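**Student:** Chains A and B, in that order, are what the protein sequence lines are. Per the working numbering, the very first residue in the first sequence carries number 205; after that it's consecutive. Per the working numbering, the very first residue in the second sequence carries number 1051; after that it's consecutive. Yeah, the Cβ is synthetic: ideal placement off N, Cα and C, and Gly gets one too. All of these numbers come straight from a predicted model, not from anything done at the bench.
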Amino acid sequence: NAGVTQTPKFQVLKTGQSMTLQCAQDMNHEYMSWYRQDPGMGLRLIHYSVGAGITDQGEVPNGYNVSRSTTEDFPLRLLSAAPSQTSVYFCASSIDRDTDTQYFGPGTRLTVL
Amino acid sequence: GDSVTQMEGPVTLSEEACLTINCTYTATGYPSLFWYVQYPGEGLQLLLKATKADDKGSNKGFEATYRKETTSFHLEKGSVQVSDSAVYFCALSGTMNRDDKIIFGKGTRLHILP
């Protein structure tokens, strides 16, 4: 198993550009989520999904969209990038939310100029 | 609402020192509790977990006991190594709020000096 994979590893955008961060898992996990990690802020939940076709907002959803058309994939879209979205983004998955381990991808470091 | 509070870092210790990183939580019901570790340049990975009161999670010499009476899940290790230098996150899930969110603390950076 590859686990949770994320692409790209690094990305530089200009303000106003759009892009999609890719996340995939091959463990047949129902629960997937996106976090951003900023210095002094820890991890903040952006969006999450409890299964294909179901998504919901986390703590900081503004400026981001997600969809979950398959169990495996959970892309994160930045509609119009802003410097405030400069961060490290982590995707995670688990069998379910309650008791199971969260498996994290290696992260995408995004810089918005 | 549900929350996790952990001690602020950075924490700097000498090799072979004893470690305690405090974590307390606020939650409805009976959440599961976790410690995750993030090594430099990597994603988070599960270090240990406990799913009910008085359970003790352990891994790699680290331990934490689920204390419902004090709503705590402190991380301990008797003798730290340089390779333990990382950021440690306390987390909870499965509360009665049922809002399907996993809640993380802000992380504690640990530096171990040789």
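Give the secondary structure of D1104(B) by DSSP, where H, G and I count as helix, E and B as strand, and everything else as coil.
**Tutor:** D1104(B): coil per DSSP, three-state reduction.
**Student:** What residue range does the beta strand (DSSP E) around R240(A) cover?
**Tutor:** Note, R240(A): beta strand (DSSP E), 235 to 242.
**Student:** Could you check the C-alpha separation between L283(A) and F1112(B) for me, to the nearest Å?
**Tutor:** 42 angstroms
**Student:** Let me make sure I understand the geometry here. Which of C295(A), F308(A), I299(A), N205(A) has the alpha-carbon closest to that of W238(A)?
**Tutor:** C295(A)
**Student:** Where does Q221(A) sit, in a helix, a strand or coil, going by DSSP?
**Tutor:** Note: Q221(A) maps to coil in three-state DSSP.
**Student:** So, with DSSP's three-state summary, where would you put D1134(B)?
**Tutor:** In the displayed model, D1134(B) falls within a helix according to three-state DSSP.
**Student:** Could you tell me the distance, in whole angstroms, from the CA atom of R313(A) to the CA atom of Y268(A)?
**Tutor:** In this structure, the straight-line span from the alpha carbon of R313(A) to that of Y268(A) is close to 16 angstroms.
**Student:** If E276(A) sits next to G255(A), beta carbons under 8 angstroms apart, how far is it from one beta carbon to the other, in whole angstroms?
**Tutor:** Not quite, the Cβ-Cβ distance comes to about 12 angstroms (not below 8 angstroms), so this is no contact.
**Student:** Using a Cβ cut-off of 9 angstroms, which residues of the region 1102 to 1116 of chain B contact any Cβ in chain A, in chain order?
**Tutor:** none
**Student:** Going by beta-carbon coordinates alone, are K1156(B) and Q1056(B) separated by less than 8 angstroms?
**Tutor:** yes
**Student:** Take D1104(B) as the anchor and find which of R1117(B), S1129(B), T1158(B), F1084(B) has the nearest alpha-carbon.
**Tutor:** R1117(B)
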